[in-house]
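Residue numbers (our numbering), protein chains in the order written: chain A, 1 to 96; chain B, 101 to 196.
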DNA sequence: TGAATATATGAACAAGTATTCATATGTTAC
DNA sequence: GTAACATATGAATACTTGTTCATATATTCA
């Protein structure tokens, strides 16, 4: 596979973004469709601040994108890589 | 997707196992086929101890399996989920 | 304008993690 | 048996990370 160090780091960063139960649950909510920060915080029983901090990381990894409407910011999954990684991972956890 | 907390944790643990550049490079070496601890350590420029510690985590997540032969232990990828996650992640990093 | 709402951000602390070093276990050769 | 080798493990340390709290920015409504 001949993976150079930079790509290894990038890949590790991608998986790091998925390596926390709170973020996994955020993503599982976003699989239902776009949601505001408050809706996500309510759905997970987290503070808006904590959710916002986590979303920042997901944004930086291009796993989610935002749409602003008034004073709300709606988050949604950025592309289908995310849901495919999610599904594949879940598959491994359930059977593997 | 209705993900309960336990599954979220399991999934996060799976991705945690992939969330470190050293482990990513270990896996990229194992994509070439099974290798001994020493071969992996040499290939990555890490100590055998560090590699052994990391392999332990990958073993616990069922991402790699072992075959013992004499005093050597050969590691290989456990199932194709691993390489599929790896490839899908790489795809996201390179294009996304 | 000012108050209320929604989100973002910085600092600080607690909890988790990767590596190193020393040591232990298990295997082969003599 | 002992010596040498391959791997594993425990403890310690340095580094990273998630949450909380306080505060900042931005938008709407009166």
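Cβ coordinates follow ideal geometry from the N, Cα and C atoms, glycine included.
- Straight-line spacing of the CA atoms in residue 180 of chain B and residue 127 of chain B works out to 12 Å.
- In this structure residue 10 of chain A is buried. Its beta-carbon is surrounded by 16 or more other beta-carbon atoms within 10 angstroms.
- For the set A:42, A:90, A:16 and A:40, the Cα lying nearest the Cα of residue 62 of chain A is the one of A:16.
- The Cβ of residue 180 of chain B sits no closer than 7 Å to any Cβ of chain A.
- Annotated three-state conformation of residue 19 of chain A is coil, per DSSP.
- Under a criterion of Cβ atoms nearer than 7 Å, the residues of chain A adjacent to residue 119 of chain B are, in order, 12, 15, 16 and 19.
- For residue 182 of chain B, the closest of B:170, B:136 and B:158 by C-alpha to C-alpha distance is B:158.
- In the same chain as residue 168 of chain B, and ignoring 5 residues on each side of it, the C-beta atoms closer than 8 Å to its own belong to 174, in chain order.
- Membership of residue 171 of chain B in any beta strand (DSSP E) is not indicated, and neither H nor E is assigned to it by DSSP.
- In this structure residue 37 of chain A is not in contact with residue 44 of chain A, their Cβ atoms being roughly 11 Å apart against a cut-off of 8 Å.
- With contacts defined as CB atoms closer than 7 Å, residue 23 of chain A and residue 54 of chain A qualify as a contacting pair.
- The criterion of a C-beta distance shorter than 7 Å is satisfied by residue 29 of chain A and residue 40 of chain A.
- With a threshold of 7 Å between beta carbons, residue 176 of chain B makes no contact with chain A.
- In terms of Cβ geometry, residue 85 of chain A and residue 188 of chain B form a close pair [threshold 7 Å].
- The residue from B:134, B:125 and B:135 with its alpha-carbon nearest to that of residue 4 of chain A is B:125.
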